[in-house]
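Novice: Please read through the structure below; I'll follow up with questions.
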């Protein structure tokens, strides 16, 4: 790593804004403002200042050959190893580094904070995010009289300040937890980064929409048959290339259309070794993707499934424990999954999935906001986490009313309840 390591503490705490649209110059598996190689060059001198000690290419651990990389932060306050994928090795390295970068900044989200209950804050004239539409933990009550820590975000639509619970903003998972914790599920859902503000916001918004689609899909017992994608109908060049690479490696590949009423394309992909026996990673690996461009959404899901395989093979992910690996020894479970993925039945065509493509990333963001509003999800709150003079942006996006993140400890929200009613 050449060059000096700037002090993180010296960076201001807000995005630079210049009011100009961001054209797309890279469109393979993601829409980016600059080429991955240039992003990598910009990031390398900053790695040590963000405690990133190693960036490794782990593509060769699996037979598929799709680029996967990891970035290591041994002193992280959450996971210490971060994964990345891409259509090129440079793109995969950038993906892994940016995962580590965004978490580094969200771990150090210290304020200013307010300790109060919602009733008190409203009486003092503060505008609050709609807490009643946030995903809540089971077994606890949160009311207008419950005291917790609050931090200021801003509404995407009008840039007006808005308070949100600190618990859904930070990712410092060390113990003891901050005062007032335990009401919401702290996670990285909606935390994202990019070459600039627009990229970070599109990535973050797509992630929270994807998690919502994931949960709603899982509530539908007919979905595995009714929403399986016909891979023969796919006409995106990069997606076809990735599908061919997976199948050439001797793996089964199945994809489902998860797109919800929001109308932003979302997919789920499972890949699995075709032959019997334990294999390198015999359990089906899962990936998800969401984007206004259905080709990008599909490629993301396919690449994430490949990344999941490499991650399990590498054995470096903190939350993947021994119990997961023991499941690989169950021949009955493996045979059931293999039969499901080998089935040729499919009900959905790729050209029926919603699709919009634009010349600028800002137009992507505007389209996403419009689709959310049309689905009754008009509140989009942004917490800016990035330093102003850094060559990247980090943001947390919170959209009250969306389901997620997936967890058995979360009470189903109104969208999940309505979805279940439709299933009856």
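Residue numbers (the UniProt record's numbering): 1 to 424.
Where is the CB? At the ideal position from N, CA and C, for every residue including glycine.
#1: Could you name each continuous alpha helix (DSSP H) segment of 4 residues or more that falls completely within the segment 137-180, going from the start of the chain to the end?
#2: Is there contact between the segment 287-299 and the segment 44-61, where contact requires at least three CB pairs shorter than 8 Å?
#3: Considering residue 121, what are the terminal residues of the alpha helix (DSSP H) in which it resides?
#4: Please name the residue or residues paired with residue 60 in a DSSP beta bridge.
#5: Could you check whether the segment 308-326 touches the segment 375-389, counting it as contact only if at least three pairs of C-beta atoms, one from each stretch, sit closer than 8 Å?
#6: Over the uninterrupted alpha helix (DSSP H) stretch that includes residue 215, give me the two end residues.
#7: Once the 5 residues before and after residue 35 are set aside, which same chain residues still bring their CB inside 6 Å of it?
#8: Any idea if residue 148 is buried or exposed, counting beta-carbon neighbours within 10 angstroms, 16 or more meaning buried?
#9: Is the CB-CB distance between residue 346 and residue 228 below 8 Å?
#10: Am I right that residue 96 and residue 76 are in contact with their C-beta atoms under 8 Å? What's the rounded C-beta distance?
#11: Apart from the five residues just before and just after residue 118, which ones in its own chain have a Cβ nearer than 7 Å to its Cβ?
#12: Just mark residue 20 as buried or exposed, buried being the case when its beta carbon has 16 or more other beta carbons within 10 Å.
#13: Would you kindly check if the distance between the Cβ of residue 269 and the Cβ of residue 232 is under 8 Å?
#14: What are the uninterrupted segments assigned as alpha helix (DSSP H) that are 4 or more residues long and contained completely in the segment 298-356, given in chain order?
#15: Going by DSSP in three states, residue 403 sits in which element: helix, strand or coil?
#16: Quick check: the Cα distance between residue 82 and residue 191, rounded to an integer number of angstroms?
#17: Just list the alpha helix (DSSP H) runs in the segment 69-127, keeping only unbroken ones of 4 residues or longer that don't cross its boundaries, in chain order.
#18: For residue 286, which residues does DSSP report across the bridge?
#19: Which same chain residues end up closer than 6 Å to residue 8 when comparing Cβ atoms and leaving out the 5 residues on each side of it in sequence?
#20: In chain order, what residues of the same chain lie with their CB nearer than 6 Å to the CB of residue 186, ignoring the 5 residues before and after it?
#21: Under a three-way DSSP split, which group does residue 18 fall into?
#22: If you check the beta carbons only, do residue 107 and residue 172 fall under 8 Å apart?
#23: Quick test of your reading: residue 206 and residue 381, contact by CB under 8 Å. State the CB separation rounded to the nearest angstrom.
#24: Quick one: using the 10 Å Cβ neighbour count with 16 as the cut-off for buried, is residue 419 buried or exposed?
#25: Any chance the segment 110-117 sits against the segment 56-68, with 3 or more Cβ pairs inside 8 Å?
#26: If you check the beta carbons only, do residue 246 and residue 264 fall under 8 Å apart?
#27: What does DSSP give as the partner residues of residue 26 in its beta bridges?
#28: Pick out whichever of 157, 94, 368 has its Cα sitting closest to the Cα of residue 29.
#29: Name the DSSP bridge partner or partners of residue 382?
#30: Could you pull the start and end residues of the alpha helix (DSSP H) that residue 186 belongs to?
#31: Quick check on residue 242: does DSSP put it in helix, strand or coil?
Specialist: A quick look at the data gives this:
#1: Restricted to the segment 137-180, not a single alpha helix (DSSP H) segment is unbroken, complete and at least 4 residues in length.
#2: As far as the Cβ criterion goes, the segment 287-299 does not touch the segment 44-61, which means the pair count is below three.
#3: For the purposes of this step, residue 121 is taken as residue 121 along the chain shown, with counting starting at 1. Per DSSP, the unbroken alpha helix (DSSP H) holding residue 121 starts and ends at 118-123.
#4: Locating residue 60 in the chain shown gives position 60, where the first residue counts as 1. In the DSSP output, where bridge partners are listed per residue, residue 60 has none listed.
#5: Because the criterion of three Cβ pairs below 8 Å is not met, the segment 308-326 and the segment 375-389 do not touch.
#6: For the purposes of this step, residue 215 is taken as the residue at position 215 of the chain shown. Note, residue 215: alpha helix (DSSP H), 197-218.
#7: Your numbering for residue 35 matches position 35 in the chain shown. Only 26 meet the Cβ criterion.
#8: By one-based count along the chain shown, residue 148 stands at place 148. By the 10 Å Cβ count, residue 148 comes out buried.
#9: One-based indexing of the chain shown puts residue 346 at position 346. One-based indexing of the chain shown puts residue 228 at position 228. Taking 8 Å as the cut-off, the beta carbon of residue 346 is found closer than this to the beta carbon of residue 228.
#10: Within the chain shown, residue 96 is the residue found at index 96, counting from 1. Within the chain shown, residue 76 is the residue found at index 76, counting from 1. Their Cβ separation, rounded to whole angstroms, is 13 Å, which puts residue 96 and residue 76 out of contact at 8 Å.
#11: Mapped onto the chain shown, residue 118 falls at position 118. Sequence-distant partners of residue 118 (beyond 5 residues in either direction) whose C-beta falls short of 7 Å from its own C-beta, in its chain, are 128, 131, 144.
#12: Indexing the chain shown from 1 puts residue 20 at position 20. By the neighbour-count definition (other C-beta atoms within 10 Å, threshold 16), residue 20 is an exposed residue.
#13: The residue you call residue 232 lines up with position 232 of the chain shown. The residue you call residue 269 lines up with position 269 of the chain shown. Cβ atoms of residue 232 and residue 269: not closer than 8 Å.
#14: Qualifying alpha helix (DSSP H) stretches, in chain order: 322-326, 331-342.
#15: Looking up residue 403 in the chain shown gives position 403. For residue 403, the secondary structure class from DSSP, reduced to helix, strand or coil, is coil.
#16: Within the chain shown, the letter at position 82 stands for residue 82. Within the chain shown, the letter at position 191 stands for residue 191. Approximately 14 Å between the Cα atoms of the pair.
#17: The qualifying runs are 89-107, 118-123.
#18: Taking the first residue of the chain shown as 1, we reach residue 286 at position 286. Residue 286 is bridged to 270.
#19: In the chain shown, the residue the question calls residue 8 occupies position 8. Residue confidence is low: residue 8 scores 33 on pLDDT, short of 50, so the model does not pin down where it sits. No coordinate-derived value is stated.
#20: As a position in the chain shown, residue 186 is number 186, starting the count at 1. Cβ contact annotation for residue 186 (same chain, cutoff 6 Å, sequence separation greater than five): 167, in chain order.
#21: As a working note, residue 18 is residue 18 in the chain shown. Here the model assigns residue 18 a pLDDT of 45, short of 50, so the residue's position is not dependable, and the following value carries that caveat. DSSP places residue 18 in the coil class of the three-state scheme, outside both helix and strand.
#22: For the purposes of this step, residue 107 is taken as residue 107 along the chain shown, with counting starting at 1. For the purposes of this step, residue 172 is taken as residue 172 along the chain shown, with counting starting at 1. It is a contact, given that the beta carbons lie within the stated cut-off.
#23: Indexing the chain shown from 1 puts residue 206 at position 206. Indexing the chain shown from 1 puts residue 381 at position 381. The C-beta distance from residue 206 to residue 381 rounds to 16 Å, too long to fall under 8 Å, and the pair is not in contact.
#24: Indexing the chain shown from 1 puts residue 419 at position 419. With 16 or more Cβ atoms within 10 Å of its Cβ, residue 419 is classed as buried.
#25: By the Cβ test, the segment 110-117 is not in contact with the segment 56-68, since fewer than three Cβ pairs between them sit closer than 8 Å.
#26: Within the chain shown, numbered from 1, the residue matching residue 246 stands at position 246. Within the chain shown, numbered from 1, the residue matching residue 264 stands at position 264. Cβ atoms of residue 246 and residue 264: not closer than 8 Å.
#27: Numbered from its first residue, the chain shown carries residue 26 at position 26. Bridge partners of residue 26 according to DSSP: 32.
#28: Along the chain shown, one-based indexing puts residue 29 at 29. Checking every option, the nearest Cα to that of residue 29 belongs to 94.
#29: Reading the chain shown from its first residue, position 382 is the one you call residue 382. Here residue 382 is bridged, per DSSP, to 154, 397.
#30: Working through the chain shown from its first residue, we reach residue 186 at position 186. Annotation: residue 186 is outside any alpha helix (DSSP H) and is labelled neither H nor E by DSSP.
#31: Indexing the chain shown from 1 puts residue 242 at position 242. Of the three classes helix, strand and coil, the one that applies to residue 242 here is helix, per DSSP.
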